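Residue numbers (the working numbering): 26 to 310. We put the beta carbon where it would ideally sit given N, CA and C, even for glycine. If you're wondering where the values come from, they're calculated on a predicted model, not measured in any experiment. Everything below concerns the one structure shown next.
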């Protein structure tokens, strides 16, 4: 089996290549940058599957960047799939995002669980561009060109970008943290790589939201990160209650501490690495 992975410098693509080299060295995995590469120059006929992980992400969203999000996340995805399909590639795996659901987290009681089949209503430019790409890919699908859409929640692992890296930096420095109850779906990069491998081995199609088998709240996560770094983290219920009362309607606070949990259907069938082990591996690899 030969797999083309887009996103030569991207986190998911490079980590997937390394994971496959370690666990399935007999599978040919080639990383390629498609943002600068002429798509017409790529010989897609040599690949059995394409994992499209390249994307524009973590870019400040402005009216000026809207066109760039659309060009890279939507149009490039469609053009790549069209060329792969015309060359005879049978399977296309698209790394999308849970941002297509438009959910940012909250403090509802009882805890809200988001169904995988909930109709997407993205609010960010990133989410909108990814969802538009999903719709275009589904229009290209036929029995000879299967499409799998993967919408992972927050991805974390060694040297990862994004929210986890910011929380880890905080956990290494602060001695006390507010105790706030709000669970979140997350996925460790090795678990995601294992899931993506399973999808391609089975030539699966459809929509998937892979996640760890257990959710975690931000306070628990920061505590685990501190322990992995040999620190003892103190948590404060008082600080948590005061923070929640004062800040619960602030978007960044809801995104960081609020509940954002997806149903456990259409997720990984096994967990390659447990939550506590994954945090240790992330902090000590």
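Alpha carbon of residue i to alpha carbon of residue j, nearest angstrom
{"i": "residue 97", "j": "residue 196", "result": "34 Å"}
{"i": "residue 56", "j": "residue 34", "result": "9 Å"}
{"i": "residue 149", "j": "residue 181", "result": "21 Å"}
{"i": "residue 85", "j": "residue 153", "result": "14 Å"}
{"i": "residue 77", "j": "residue 121", "result": "9 Å"}
{"i": "residue 151", "j": "residue 204", "result": "31 Å"}
{"i": "residue 223", "j": "residue 95", "result": "29 Å"}
{"i": "residue 12", "j": "residue 155", "result": "Here the chain comprises residues numbered 26 to 310, so residue 12 is not present and cannot be evaluated."}
{"i": "residue 225", "j": "residue 61", "result": "26 Å"}
{"i": "residue 186", "j": "residue 194", "result": "12 Å"}
{"i": "residue 176", "j": "residue 138", "result": "16 Å"}
{"i": "residue 66", "j": "residue 108", "result": "10 Å"}
{"i": "residue 231", "j": "residue 160", "result": "12 Å"}
{"i": "residue 43", "j": "residue 263", "result": "44 Å"}
{"i": "residue 68", "j": "residue 163", "result": "23 Å"}
{"i": "residue 228", "j": "residue 199", "result": "46 Å"}
{"i": "residue 46", "j": "residue 244", "result": "35 Å"}
{"i": "residue 50", "j": "residue 102", "result": "27 Å"}
{"i": "residue 256", "j": "residue 266", "result": "24 Å"}
Sub-7 Å separation of residue i and residue j beta-carbons
{"i": "residue 206", "j": "residue 242", "result": "yes"}
{"i": "residue 74", "j": "residue 48", "result": "no"}
{"i": "residue 304", "j": "residue 261", "result": "no"}
{"i": "residue 298", "j": "residue 216", "result": "yes"}
{"i": "residue 112", "j": "residue 70", "result": "yes"}
{"i": "residue 174", "j": "residue 220", "result": "no"}
{"i": "residue 40", "j": "residue 214", "result": "yes"}
{"i": "residue 30", "j": "residue 54", "result": "yes"}
{"i": "residue 38", "j": "residue 280", "result": "no"}
{"i": "residue 300", "j": "residue 247", "result": "no"}
{"i": "residue 310", "j": "residue 140", "result": "no"}
{"i": "residue 317", "j": "residue 253", "result": "Residue 317 lies beyond the residue range present for the chain, which begins at 26 and ends at 310; the question has no answer from this structure."}
Spatial neighbours of residue i in its chain, beta-carbon cut-off 7 Å, leaving aside the 5 residues before and after
{"i": "residue 110", "result": "165 and 170"}
{"i": "residue 157", "result": "99"}
{"i": "residue 93", "result": "81"}
{"i": "residue 143", "result": "126"}
Endpoints, beta strand (DSSP E) assigned at residue i
{"i": "residue 3", "result": "In the structure as shown, the chain starts at 26 and stops at 310, and residue 3 therefore has no counterpart that could be examined."}
{"i": "residue 212", "result": "211 to 213"}
{"i": "residue 261", "result": "259 to 261"}
{"i": "residue 179", "result": "179 to 181"}
{"i": "residue 48", "result": "It is not in any beta strand (DSSP E) - residue 48 instead sits in the alpha helix (DSSP H) that spans 36 to 48."}
{"i": "residue 171", "result": "171 to 175"}
{"i": "residue 276", "result": "Unbroken run through residue 276 is the alpha helix (DSSP H), 276 to 282; no beta strand (DSSP E)."}
Cut-off 8 Å between Cβ atoms - residues of its own chain near residue i, not counting five sequence neighbours on either side
{"i": "residue 178", "result": "123, 209, 210, 211, 212, 234, 236, 285 and 287"}
{"i": "residue 146", "result": "126 and 127"}
Residue range of the alpha helix (DSSP H) that includes residue i
{"i": "residue 31", "result": "Unbroken run through residue 31 is the beta strand (DSSP E), 27 to 31; no alpha helix (DSSP H)."}
{"i": "residue 252", "result": "243 to 253"}
{"i": "residue 297", "result": "Segment: none, residue 297 is in no alpha helix (DSSP H) and carries neither H nor E."}
Sequence-distant residues of its chain with Cβ nearer than 6 Å to residue i (five each side left out)
{"i": "residue 251", "result": "196 and 258"}
{"i": "residue 80", "result": "98"}
{"i": "residue 353", "result": "Since the first residue of the chain shown is 26 and the last is 310, residue 353 is not available in this structure."}
Distance cut-off 6 Å: residue i Cβ against heavy atoms of the ligand GTP
{"i": "residue 162", "result": "Because no ligand of any kind appears in the structure shown, any question about the ligand GTP cannot be addressed here."}
Cutoff 7 Å: residue i Cβ touching any chain C Cβ
{"i": "residue 143", "result": "Considering every chain present, this structure includes no chain C. It has just one protein chain."}
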